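Numbering (the numbering used here), first residue to last: 21 to 105. To start, the structure under review is shown below, and the notes come after it.
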């Protein structure tokens with residue numbers, strides 16, 4: 021009888037459920053999208069300045085998308101999929 025209880029106690033449970041992993045993957049995709057939007061804008065010639073590096077997409081949009089992605093990650097970690105509605 022004691023061995024049966026020990027085996028039940030040794031059962032391993034996952035910390036996250038399927039829903040958590042789904043939101044984590046969505047958050048990672050949003051973060052990657054933000055970094056893709058931030059990339060580029062450099063000049064081929066290092067002696068020539070390219071003002072395209074300071075455009076609205078790289079300065080405002082991409083960092084906000086990355087922050088939103090990190091927010092989705094925090095939500096995915098704190099999400100309790102077993103909570104009854």
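Even glycine gets a Cβ: it sits at the ideal position worked out from N, Cα and C. Keep in mind that this is a model prediction, so the values were computed, not measured.
- In the structure shown, residue 54 adopts helical secondary structure according to DSSP, grouped into three states.
- The C-beta distance from residue 82 to residue 54 rounds to 5 angstroms, short enough to fall under 8 angstroms.
- Collapsing the DSSP output to three states places residue 30 in coil.
- Taking residue 44 as reference, the option from 103, 88, 73 and 104 with the minimal CA-CA separation is 88.
- Our two residues, residue 40 and residue 57, have alpha carbons roughly 26 angstroms apart in a direct line.
- In this structure, the CA atom of residue 64 is about 27 angstroms from the CA atom of residue 84.
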